[in-house]
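Worksheet: the structure to be examined is printed underneath.
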Amino acid sequence: MFGIDPVTLAAALIAASTPILLAAIGELVVEKSGVLNLGVEGMMIMGAICGFIACVTTGSPWLGFVAGAAGGAALSLIFGVLTQFLLSNQVATGLALTLFGLGMSALMGEDYTGINPPLTPKLFPEALRQLEVVGPILFGHDLIVYLSVALVAAVAWGLARTRTGLIIRAVGENHDAAHSLGYKVIRIRILAILFGGACAGLGGAYLSLVRVPSWTEGMTAGAGWIALAIVVFASWRPWRALIGAYLFGGIAALQLRLQAAQIDIPVALLDASPYIVTIIVLVIISTDRTRAALNAPAALGRVFHASG
Amino acid sequence: MTAFLDIAGLTKAYPGVVANDDVSFAIQPGEVHALLGENGAGKSTMVKMIYGLVRPDAGHMTLRGQPYAPSEPSAARAAGVAMVFQHFSLFEALDVAENVTLGMEKPPRMRDLARRIAEVSETYGLPLDPGRKVGDLSAGERQRVEIIRCLLQDPKLLIMDEPTSVLTPQEVEILFHTLRKLSAEGTAILYISHKLEEIRALCDAATILRRGKVVGSCTPREVSAAEMAEMMVGKSLSAPRRAATEAGPPLLHVQNLNLTPATPFGTPLRNIGFTVHAGEVLGIGGVAGNGQDELLAALSGETLSARGSVSLDDEDISQMGPDARRERGLCSAPEERIGHAAAPDMSLTENAVLTAKLRRGLAHGGFIDWRAAEDFAREVIASFDVRTPGPQVAARALSGGNLQKYVIGREMLQDPRVLVVNQPTWGVDASAAASIRQAILDLAGSGSAVLVISQDLDELLEISDRFAALNEGRLSAPKDARGLTMEQIGLMLGGAHDMHEAEVVHASA
């Protein structure tokens, strides 16, 4: 159809989805602990520039990914301190974090435009990657792609089956009750926020080191917001977040190919399509309010203040 | 015999108030010890110190001869101290087993835990299914979750903070049976309550607190409830008086009221019907979560119901909103004070305007008459003894009991023809509760119809002319309240329903 090869499309959508998947799975854990961090976009772009600088300077993509995660986590710590210790409003702080991240990354990245980073190696040997169909789709990626899927599995298992996961859910459900049972609500939430920041930063670094690969200002272009939407779309369930991310990544990959195939649809409309789909899906999901309310963490976005 | 827990000179001060002042008492092993006092007497702060949630400013505790100073609840649990909270510390979206494991120090694997929950609930007669979501449980069942959570840790001291306030008489019996069994096995119990008859029935010793200080101790079986009440309050209380009035014409009439709940954990209303006459108090009893909130919302106008289901003076008001109903003389006060009866961050004056603007003429042509509003707020504060610096204070800053007096007073002073209140004296201390009850009776005496929804059965028996029970969204036929016994009421409230639950658990085990 339109000269688009489904195998390369599938391979491309997986790569295109990885940044938002990483950011979404991190934000999912944050929201499960009862914190709404709207600064995903800012943390992603900080991860993108920190990762890029580290990678270009050291020549190692792996150090780049570590630096990206660290950059995102560092920015999220600002959010954590402001909202958890100084009890600031989470929505306003999250928005400010996005603006701060965008500005800060532009400043840090001034001297890095127009440079190509060292290539990130593929994980599997050439022979496997040359296989028909499954080669490009299953074996044609780098470590981070597999890591992102493993992370989804780990978060899904961890939240549902482990005690740590249960405590995170409990804190997000009723922080007063968790506090009276002796759980350290603020410490748990700070750790969740750091995890979310590191995931978003890693996603950002994947964007600047593998997806694009180069640095341009504002290169996340709303990926963070899509990640936030995916968490709601997934009704806070990790595997559904994977489906959501691949769906949105698929639309993004498809619209590029439709443009290349000179299909007679306005480019602007194709560019906007992932966002339009996001809005439509959110509207559909939020029509059933009782079901959405059942899955949402009950303490989401509420300020916790320990009183005597 | 050495005391299990010896408390010596514990003091804790908060800015502006000394919650506990040099409190000393001792709990023996296997003893059921009552801690008595009014709201604000310092009972909760006391137990929070024992449970490690609050650190005392001065004084020390000795547990089994060893110094005891828990820095956090897990230290207290490790020392064998467990606590059942007044406001349940449960997570509605999690299931029973998950809730239980969250309160344990060394939780077993989930599979073993489910088995142990079944064992303990068998041993102590507390039927409970480990797989059910807590949000779907009744208040009594929720309390069982808390108790089982404590019992699984084999505590040596069990603290119970106001455990019976949400239970039916039958559930109270089951609870007391469990507690006596525990006490016979050597577990000490610290029992906090202001229900004197319960304490006389259950406790071996009592320490009475007033304004943070120990004002006396007694053996509850040997003194009368009135004597304990006097120690607690510092003066003798008079029972409310009611003028003997003949019931007048019917004012509020409800028939075939059916509603589906708006929230996932709500209760549907099923075919509710009753009539309240002028000069009458109709009491509606029931355990929390059986449709009280939904019934209040349907009467106040927050939820609209089918045409013809709610009428006032023979006029159908079922499709009218709250303001239209207020205009016609139906005022209401919901249970939840913060965020429902009052907007927490608005001042008392602003809160007065919110419901009283029509009947008290506080707004003209879209503009608020602030002077009149403030005068009205002051009137409420003065007539209902609301302790606050003034009407400019935010509603959130008032203590629960004071805000309750304010929201009840706000509705009563609008001279309603029909007043609907849910839990009018919830969290209000004994003397203030008595004055609210007196005000309800006076309002009925002046010819208004009053509908009181409450979980406090003693209260309902004291003030109602007729009594009906709400159970799973169904209302029993109202009966004359005079001469009703607790047993009859318990059956009306659905004691039989609980037996039914027990069978279900056995069948699935």
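As you go down the protein sequences, you meet chains A and B in turn.
With this note's numbering applied, the first sequence covers 928 to 1235.
With this note's numbering applied, the second sequence covers 68 to 576.
Beta carbons: idealized from backbone N, C-alpha and C, even for Gly.
Any idea which residues DSSP pairs residue 378 of chain B with across the strands? B:320, B:383
Expected contact under 8 Å - CB spacing of residue 345 of chain B and residue 368 of chain B to nearest Å: Not confirmed; about 21 Å, so no contact.
For residue 209 of chain B, does the count of other Cβ atoms within 10 angstroms reach 16, so buried, or fall short, so exposed? buried
Any C-beta of chain A under 8 Å from that of residue 139 of chain B: yes
Can you have a look at residue 496 of chain B and say buried or exposed, based on whether 16 or more other CB atoms are within 10 angstroms of its CB? buried
Might you give, ordered along the chain, the residues of its own chain that have their beta carbon closer than 7 Å to the beta carbon of residue 318 of chain B, omitting 5 neighbours on each side? 343, 344, 345, 379, 380, 484, 485, 516
Between residue 1180 of chain A and chain B, is there a C-beta pair that is closer than 8 Å? no
Run through chain B and tell me which residues come within less than 7 Å of residue 958 of chain A, C-beta to C-beta. Under the 7 Å cutoff, chain B gives no residues; its nearest Cβ is about 14 Å from residue 958 of chain A.
Specify the secondary structure class of residue 901 of chain A as computed by DSSP and reduced to three states. What the structure shows of chain A is the stretch from 928 to 1235, and residue 901 of chain A is not part of that stretch, so it cannot be assessed.
Can you tell me where the alpha helix (DSSP H) with residue 177 of chain B in it begins and where it stops? 177-190
Simplified DSSP state of residue 425 of chain B, which is helix, strand or coil: coil
8 Å CB neighbourhood of residue 114 of chain B in its chain, flanking five on each side removed: 102, 150, 226, 228, 257, 259
Below 7 Å CB to CB, which residues in the same chain sit around residue 142 of chain B once its five sequence neighbours on both sides are set aside? 119
Helix, strand or coil, according to DSSP, for residue 1222 of chain A in the structure here? helix
I need the straight-line Cα distance from residue 542 of chain B to residue 337 of chain B, nearest angstrom please. 8 Å
contact_flag[the stretch 500-508 of chain B, the stretch 470-490 of chain B] where n(CB pairs < 8 Å) is 3 or more: yes
Which chain B residues sit within Cβ distance under 8 Å of residue 1093 of chain A? 161, 165, 168, 169
Counting Cβ pairs, one atom from each stretch, are 3 or more of them under 8 Å apart for the stretch 344-361 of chain B and the stretch 381-390 of chain B? no
Classify residue 1096 of chain A: buried if its beta carbon has 16 or more other beta carbons within 10 angstroms, exposed otherwise. buried
Length of the line joining the Cα atoms of residue 262 of chain B and residue 1125 of chain A: 54 Å
Is it the case that the stretch 513-527 of chain B contacts the stretch 421-439 of chain B, given that we only count it when at least three CB pairs across the two stretches are under 8 Å? no
Between the beta-carbon of residue 453 of chain B and the beta-carbon of residue 472 of chain B, is there less than 8 Å? yes
Thinking C-alpha only, which one of B:160, B:144, B:201 is nearest residue 174 of chain B? B:144
Three CB pairs or more closer than 8 Å across the stretch 1202-1209 of chain A and the stretch 1144-1158 of chain A: yes
Below 6 Å CB to CB, which residues in the same chain sit around residue 1116 of chain A once its five sequence neighbours on both sides are set aside? 960, 962, 1011
Counting Cβ pairs, one atom from each stretch, are 3 or more of them under 8 Å apart for the stretch 1051-1065 of chain A and the stretch 988-1004 of chain A? no
Against residue 1096 of chain A, what residues of chain B qualify as contacts under a CB-to-CB distance less than 9 Å, listed in chain order? 158, 160, 161, 165
Cβ of residue 152 of chain B less than 8 Å from any chain A Cβ? yes
Who are the near neighbours of residue 264 of chain B in its chain, counting only those whose CB is closer than 7 Å to its CB and skipping five residues on each side? 292
Under the three-state DSSP convention, the category residue 1139 of chain A falls into: coil
So residue 174 of chain B contacts chain A; which residues on that side make the cut at Cβ distance below 8 Å? 1090
For residue 392 of chain B, the nearest candidate out of B:130, B:478, B:463 (CA to CA): B:478
If we ignore side chains and look at the alpha-carbon of each, how far apart do residue 513 of chain B and residue 531 of chain B end up? 15 Å
Could you give the DSSP three-state label for residue 73 of chain B: helix, strand or coil? strand
For residue 90 of chain B, is the classification buried or exposed, using 16 other Cβ atoms within 10 angstroms of its Cβ as the cut-off for buried? buried
Are the stretch 322-336 of chain B and the stretch 124-131 of chain B touching, with three or more C-beta to C-beta distances below 8 Å? no
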